[in-house]
Amino acid sequence: MADSEAKWYVVHTYSGYENKVKANIEKAIENRKLQDQILEVSVPMQTVVEVKNDVKKPVQKKMFPAYVLINMVMNDDTWYVVRNTRGVTGFVGPGSKPVPLTEEEMQNMGLHESEEFSMDLEIGETVMVTSGVWENTTGIVKQINNNKQSVTINVDMFGRETPVEVGFMDIKKI
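Heads up: the sequence shown begins at 785 in our numbering, then just goes up one per residue.
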């Protein structure tokens, strides 16, 4: 299947189940070997500054509560896998026909940056996180995802190596 056939679809979920649905779909992709048909599952987040006890703190909030975005090639198999994932109530679209998002809708939601950013990185290199929750944390690059413009690094958490996904803009090579 060609990537050009893949489009972004919106799936409605039970409120609070967005991350669980994302994890379940990703597991189904792995189990059914659908990596070439379901390319990305996303719960878009945005940073919001919350004030508690006079302390400003950046917090990640879901941009679209109760919705998950999926970049996929629509066919009977992929529709079935997504539609029958626990926590999914259905695709967004009239009746039972899923309707893909247009390029314009993607840009209006701020999800499709036209600016590409590439990183001169290789798996095994050490990087430092420059912003966000993991700021000043160093880790070894385990995976590079140019589509999502992110890397997965292992960080030491409670004495265990834990994989963490960090955007290209939030890291620097050391």
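Think of the CB as a built atom: it goes at the ideal place given N, C-alpha and C, for glycine as much as any other residue.
Note that the structure is predicted; figures quoted are calculated from it, not measured.
Is residue i buried or exposed, if buried means 16 or more other CB atoms sit within 10 Å of its CB?
i: Phe-942; result: exposed
i: Ile-862; result: It should be noted that the sequence gives Thr, not Ile, for residue 862. So Thr-862 ends up on the buried side.
i: Thr-910; result: exposed
i: Lys-806; result: buried
i: Ile-813; result: buried
i: Pro-878; result: exposed
Enumerate in chain order the residues of its own chain whose CB-to-CB distance from residue i is below 6 Å, with the five nearest sequence positions on each side excluded.
i: Gln-927; result: Thr-936
i: Val-832; result: Val-843, Lys-845
If I measure Cβ to Cβ from residue i and keep anything under 8 Å in the same chain, skipping five residues before and after, which residues do I get?
i: Ser-799; result: Pro-849, Ala-850
i: Glu-810; result: Val-825
In the DSSP assignment, what residue or residues form a beta bridge with residue i?
i: Lys-956; result: Met-912
i: Pro-884; result: Paired residue(s): none; Pro-884 is not in a bridge.
i: Thr-921; result: DSSP, once it has assigned bridges, lists no residue as partnering Thr-921.
In its own chain, which residues sit with a C-beta less than 7 Å from the C-beta of residue i, not counting the 5 before and 5 after it?
i: Gln-830; result: Lys-845, Met-847
i: Gly-908; result: Ile-924, Val-925
i: Val-827; result: Glu-802, Asn-803, Lys-806, Lys-846, Val-852
i: Glu-899; result: With a pLDDT of only 44 at Glu-899, under 50, the local geometry of the prediction cannot be trusted, and no value is derived from it.
Since residue i and residue j should fall inside the 8 Å C-beta cutoff, what is the C-beta to C-beta distance between them, to a whole number of angstroms?
i: Val-857; j: Gln-821; result: 5 Å
i: Asn-808; j: Arg-870; result: 6 Å
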